[in-house]
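S.K.: In short: position in the sequence shown from 1, add 1443, done, that's our numbering.
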Amino acid sequence: MVEGTSGPAGPGAISPAGRRSLEETALPATCTPLSPDEVRTFRDGGYLILRGAFAQEDALAMQDEWWAELAETHAILRDDPGTWRPIPGDLKRAKASPLQQAILTPRVRGVMDDLLGPGEWRRPADWGRTLATFPQPDARPERWDVPTGLWHWDSPTAWHRDALNGLFVVSFIGTVAPRGGGTLILSGSHRLLARQDAGLAAEVRDTNGRARRKLFEGSHPWLAALTGLAPSPADRIAAFMGAGAEIDGVPVRVVELTGEPGDMVVCHPTLVHCGAPNHGAQPRFMRIRQQLMTHEGRRRLSGAMHPR
């Protein structure tokens, strides 16, 4: 979902009927909480930060559940950092907890309606992965750097060519401070992928995800340096998070997702992102719903999982 729509004036106006490329997809025109600036932010950067999207006290109650599960299942104690260590997989009990129903506040529901269309999506069965990332043993903020590996996107660009059919949603259960393990996103990358997708031959579009990633990474020297295909600048933080770049008229920059309990970030489903090391003092407690889909998106996802 990006800028460049045509049709009635005003933020969120729907473009004329007919096939639209991802670069030209418009947001549904609805009367919901998003401001014109927020609509533009999502279109241009591919993400929107919602501070206090759900109640902090609800997030803290979820956090208590997470610590209880960590203690019972992994012998990791909240008040004993000496027990903190990486755990295999996600927290299973927390993923199914009824407390997560508090995440879908009227504010969050309105944002989903604005971006996906009222009646076009349904309450998710859960709010995604339950990620507890503990500080590295040698954690020191000054050692943190922008990673080269694992930059990727979670949803095929083809599913969103004609309309936005899903979102990538990050919910903060705990405080995530700078350099504290927050997911890194590449703002504007959804627009670059849309343009690349539009220019590819059909047989190339259908190649596997790894091949498409390599194609994207090698499409510009700045991207090649970011992803390790080319030599890195001396200061990766300054180059990729500070200066950023403009590629084919699209501003791009690495953004670290930080926040407080109850915050949320909604992202375009093809926004390029990667995990980051935790060099902070506290674990990262975060939920990530990789594909919160519209009804049409769910049909496409089901078809991909169960091909005929």
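C-beta atoms are modelled at their ideal positions from N, C-alpha and C, and glycine is treated no differently. Predicted, not measured: the structure shown is a model, and the values here were computed from it.
Specify, as a first and last residue, the run of the alpha helix (DSSP H) that residue 1488 falls within.
M.R.: Translated into the one-based positions of the sequence shown, residue 1488 becomes position 45. Where residue 1488 is concerned, the enclosing alpha helix (DSSP H) stretches over 1479-1488.
S.K.: Give a yes or no on whether the C-beta atoms belonging to residue 1539 and residue 1509 are separated by under 8 Å.
M.R.: Locating residue 1539 in the sequence shown gives position 96, where the first residue counts as 1. Locating residue 1509 in the sequence shown gives position 66, where the first residue counts as 1. In this structure, residue 1509 does not lie closer than 8 Å to residue 1539 by Cβ.
S.K.: Taking DSSP as the reference, what is the three-state secondary structure of residue 1468?
M.R.: As a working mapping, residue 1468 is identified with position 25 in the sequence shown. Bear in mind that a pLDDT of 42 at residue 1468, under 50, signals an unreliable position, so the model cannot answer this.
S.K.: Can you tell me which residues form a DSSP beta bridge with residue 1716?
M.R.: The sequence position of residue 1716 within the sequence shown is 273, counting from 1. Its beta-bridge partners are 1595 and 1628.
S.K.: So, at 7 Å on beta carbons, what are the nonlocal neighbours of residue 1563 in its own chain, with the 5 sequence-adjacent residues on each side left out?
M.R.: Against the sequence shown, residue 1563 aligns to sequence position 120. 1737 and 1738, listed in sequence order.
S.K.: For residue 1600, which three-state DSSP category applies?
M.R.: Indexing the sequence shown from 1 puts residue 1600 at position 157. Helix at residue 1600.
S.K.: Between the stretch 1567-1582 and the stretch 1670-1689, are three or more C-beta pairs nearer than 8 Å?
M.R.: Contact between the stretch 1567-1582 and the stretch 1670-1689 is absent, because fewer than three Cβ pairs lie under 8 Å.
S.K.: Using the beta-carbon count (16 or more within 10 Å), is residue 1531 buried or exposed?
M.R.: As a working note, residue 1531 is residue 88 in the sequence shown. The residue is exposed, with fewer than 16 neighbouring Cβ atoms inside 10 Å.
S.K.: Closest by CA to residue 1534, which one among 1546, 1541 and 1517?
M.R.: If you number the sequence shown from 1, residue 1534 lands on position 91. Looking at the Cα atoms, 1517 is the closest of the given residues.
S.K.: Please state whether the Cβ-Cβ distance between residue 1629 and residue 1719 is less than 8 Å.
M.R.: Walking along the sequence shown from the start, residue 1629 turns up at place 186. Walking along the sequence shown from the start, residue 1719 turns up at place 276. Result no, Cβ atoms of residue 1629 and residue 1719 do not sit closer than 8 Å.
S.K.: Could you check what DSSP says for residue 1735 in three-state terms: helix, strand or coil?
M.R.: For the purposes of this step, residue 1735 is identified with residue 292 of the sequence shown, where counting begins at 1. Note: residue 1735 maps to strand in three-state DSSP.
S.K.: Does DSSP classify residue 1605 as helix, strand or coil?
M.R.: The residue labelled residue 1605 in the question sits at position 162 within the sequence shown. Residue state, collapsed to three classes: coil.
S.K.: To the nearest angstrom, report how far apart residue 1503 and residue 1577 are at their CA atoms.
M.R.: As a working note, residue 1503 is residue 60 in the sequence shown. As a working note, residue 1577 is residue 134 in the sequence shown. Cα to Cα, the separation comes out at about 18 Å.
S.K.: Between residue 1621 and the rest of its own chain, which residues show a CB-CB distance below 7 Å, the 5 nearest in sequence each way excluded?
M.R.: Along the sequence shown, read from residue 1 onward, the residue named residue 1621 stands at position 178. Closer than 7 Å at the Cβ level, and outside the excluded window around residue 1621, lie 1699 and 1701.
S.K.: Taking DSSP's pairing of strands, which residues face residue 1728 in a bridge?
M.R.: Numbered from its first residue, the sequence shown carries residue 1728 at position 285. 1575, per the DSSP bridge assignment.
S.K.: Residue range of the alpha helix (DSSP H) that residue 1505 falls in?
M.R.: On the sequence shown, position 62 is the one that residue 1505 refers to. Segment 1499-1517, the alpha helix (DSSP H) holding residue 1505.
S.K.: Is DSSP giving residue 1703 helix, strand or coil here?
M.R.: To locate residue 1703, count along the sequence shown from 1; it is residue 260. In the structure shown, residue 1703 sits in coil (DSSP, three-state: anything other than H, G, I, E or B).
S.K.: Excluding the 5 residues preceding and the 5 following residue 1506 in the sequence, name in chain order all residues of the same chain whose CB lies nearer than 8 Å to its CB.
M.R.: What you label residue 1506 is simply residue 63 of the sequence shown in a count that begins at 1. Excluding sequence neighbours, residue 1506 sits near 1616, 1617, 1704 and 1728.
S.K.: Kindly indicate which residue of 1641, 1512 and 1709 has the alpha-carbon position closest to the one of residue 1494.
M.R.: Along the sequence shown, one-based indexing puts residue 1494 at 51. Checked all of 1641, 1512 and 1709; the closest Cα to residue 1494 is 1709.
S.K.: List the endpoints of the continuous beta strand (DSSP E) containing residue 1688.
M.R.: By 1-based counting over the sequence shown, the position of residue 1688 is 245. Residues 1688-1690.
S.K.: Applying the 10 Å Cβ sphere with the 16-neighbour rule, what's the burial state of residue 1549?
M.R.: Position 106 of the sequence shown holds residue 1549. Residue 1549 is exposed by the Cβ-count criterion.
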